[in-house]
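Residue numbers (the numbering used here): -9 to 150. Even for Gly, the Cβ is constructed at its ideal location relative to N, Cα and C. Since we're looking at a predicted model, the values are computed, not measured. Below: the structure, in structure tokens.
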Amino acid sequence: VNGEEDAAAAAPAAVDADAETVVDSTPRRSYFSQVTAAEEATPAAADTAVAAIVAAFTLFAVNYLMGELFFKSKRLSKLIQGEPLMLIYKGKLIPAHLKKARISDDELEAAIREHGIEKISQVNLAVLERDGNISVLSNNFRRKTIKKRKSRQILFQDED
């Protein structure tokens, strides 16, 4: 291969008589034959990193702007995020609110047990908050608990 390249490099350029231009007969390598795999991957990795940074910045900016907008406009906040919804008042379920929130009696009872209360009749007030958590007030409104709903996980233990 080197012999052919040396011979081609030593060959004189041909002259086109009609156009009076010089035509170079030296063989050229294409761009892709000169680029290694590492060189080809590097710009893509850099582009991906820049795209990830731009995407993260955009998400933070939109989150911040939406927070500011909701803080300044209570009407918009209520429209987009909703309002807290009372589920139990003085030990009595409010069926219309449970239906609106799409929460079954069993789900509500489970949420109440997470707050350390056994029966619905012991709850003075239970509210579905805007963030999806259920706040519970009991003991004549003196004890308030708010617990975030935990995702359920199955834990496997090795039995030796």
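Which residues does DSSP pair with residue i in a beta bridge?
{"i": "Tyr79", "result": "Lys82 and Leu115"}
With 16 other CB atoms within 10 Å as the buried threshold, where does residue i fall?
{"i": "Ala100", "result": "exposed"}
{"i": "Ile102", "result": "buried"}
{"i": "Asp150", "result": "The pLDDT assigned to Asp150 is 45, lower than 50, so where the model puts this residue is not dependable; a value taken from the coordinates is nonetheless given after this. With fewer than 16 Cβ atoms within 10 Å of its Cβ, Asp150 is classed as exposed."}
{"i": "Val113", "result": "buried"}
What residues in its chain sit with their C-beta under 8 angstroms from that of residue i, if we drop five residues either side in the sequence?
{"i": "Leu77", "result": "Leu83, Ile84, His87, Leu88, Ala91, Ile93, Leu98, Ala116, Val117, Leu118 and Ile124"}
{"i": "Ala45", "result": "none"}
{"i": "Gln147", "result": "Confidence in Gln147 is poor, its pLDDT being 49 and thus under 50, which makes the residue's placement too unreliable to answer from."}
In angstroms with no decimal places, state the Cα-to-Cα distance between residue i and residue j.
{"i": "Leu66", "j": "Leu49", "result": "20 angstroms"}
{"i": "Lys109", "j": "Leu75", "result": "20 angstroms"}
{"i": "Gln143", "j": "Phe61", "result": "Caution applies to Gln143, whose pLDDT of 48 falls short of 50 and renders its modelled position unreliable; the value that the coordinates give is listed next. Taking the straight line from one Cα to the other gives about 35 angstroms."}
{"i": "Ile70", "j": "Leu59", "result": "11 angstroms"}
{"i": "Ala42", "j": "Asn53", "result": "17 angstroms"}
{"i": "Leu127", "j": "Lys64", "result": "26 angstroms"}
{"i": "Asp96", "j": "Val40", "result": "48 angstroms"}
{"i": "Gly57", "j": "Asp37", "result": "30 angstroms"}
{"i": "Glu73", "j": "Asp121", "result": "10 angstroms"}
{"i": "Leu55", "j": "Phe47", "result": "12 angstroms"}
Sorted by chain position, which residues of the same chain lie with C-beta nearer than 6 angstroms to residue i's C-beta, five sequence neighbours on each side aside?
{"i": "Val129", "result": "Val is not the amino acid found at residue 129; the sequence shown has Asn there. Answer for Asn129: no residue qualifies."}
{"i": "Ser111", "result": "Gly81"}
Under 7 angstroms Cβ to Cβ from residue i, same chain only, skipping five residues before and after it: list those, please.
{"i": "Tyr79", "result": "Leu115"}
{"i": "Lys68", "result": "none"}
{"i": "Ala51", "result": "none"}
For chain B, check one thing: does any of its Cβ atoms lie closer than 8 angstroms to the Cβ of residue i?
{"i": "Ala45", "result": "Although the question refers to chain B, the structure presented lacks it and comprises just one protein chain."}
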